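If you want this note's numbering, it's the position in the sequence shown, counting the first as 1, plus 291. All C-beta atoms, glycine included, are put in the ideal place defined by N, C-alpha and C. All figures in this text were calculated on a predicted structure; none of them were measured in a lab. Report on one structure; see the data block that follows.
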Amino acid sequence: MPVPFQLPIFGEFENNSVNTIMINIVPILKNKKEFLELLLLADEQESMIDLYLERGEMFALYDGDLKAACVITDEGNGTYEIKNIATYPHYQRKGYGTYLIKFLLEHYKDRYQTMLVGTGDSTYTIPFYEQCGFTYSHRIPDFFIKNYDHPMYEDGKQLRDMVYLKISKNG
292 MPVPFQLPIF GEFENNSVNT IMINIVPILK NKKEFLELLL LADEQESMID
342 LYLERGEMFA LYDGDLKAAC VITDEGNGTY EIKNIATYPH YQRKGYGTYL
392 IKFLLEHYKD RYQTMLVGTG DSTYTIPFYE QCGFTYSHRI PDFFIKNYDH
442 PMYEDGKQLR DMVYLKISKN G
């Protein structure tokens, strides 16, 4: 098994001591479907996950136990796309998604020219990606209406368009 990527996290505590914990990000090379429950949090239709799961590279983030996972695909010509990034709800807003993004940008830095991520037009996810350095790229109108077998909602709003954000090395 490949050696996991370890990210030191520093925290200050009440007694002014500094504690370091290690977050492990591990490549998942087989049995990716074992993570389906987690992946469905970010892409709630299994048939859509099936379109990219096996061709993509998957990583799991552990901080003691499993906290988050992601799948990234090589779309050719130096373009990589984060197809799925999911964190268990009780661990959201604790930095795990950001750690995964930072890891992907570092891990693929010699391979990508453009890193894409597609998401629903949501007041929750778009600001997250913008805080990670992504900027608006383009949108695919009615993507969620045409490609999913049921209406999808986020923050009480039905998702229609797929909004793509990007980080490009060439501006």
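{"Check": "For the region 314–365, which segments carrying the beta strand (DSSP E) assignment without a break, of at least 3 residues, lie completely within its bounds, in sequence order?", "Outcome": "348–354"}
{"Check": "What alpha helix (DSSP H) runs, 4 residues minimum, are completely inside the region 403–455?", "Outcome": "416–422 and 434–438"}
{"Check": "Do you know how far the Cα of Lys448 is from the Cα of Ile373?", "Outcome": "23 Å"}
{"Check": "With a threshold of 16 other CB atoms inside 10 Å of the CB of Gly411, please say whether the residue is buried or exposed.", "Outcome": "buried"}
{"Check": "Just to confirm before moving on: does the CB-CB distance between Ile376 and Met349 stay below 7 Å?", "Outcome": "no"}
{"Check": "Going by other Cβ atoms of all chains shown within 10 Å of its Cβ, with 16 needed for buried, is Lys460 buried or exposed?", "Outcome": "exposed"}
{"Check": "Are the beta-carbon atoms of Ile314 and Asp354 separated by less than 7 Å?", "Outcome": "yes"}
{"Check": "Along the alpha helix (DSSP H) that carries Arg393, what are the first and last residues, could you check?", "Outcome": "Here residue 393 is Lys; the residue named in the question, Arg, does not match the sequence. Run containing Lys393: Tyr387 to His398, per the alpha helix (DSSP H) assignment."}
{"Check": "Would you please state the rounded distance, in angstroms, between the beta carbons of Tyr379 and Lys400? I believe it to be under 8 Å.", "Outcome": "Not a contact, Cβ separation roughly 28 Å."}
{"Check": "Put Tyr382 into one of helix, strand or coil per three-state DSSP.", "Outcome": "helix"}
{"Check": "Can you tell me whether DSSP reads Asn368 as helix, strand or coil?", "Outcome": "coil"}
{"Check": "Tell me which residues share the same chain as Tyr387 and place their Cβ nearer than 6 Å to its Cβ, disregarding the 5 neighbours each side in the sequence.", "Outcome": "Leu352, Lys358, Ala359 and Thr378"}
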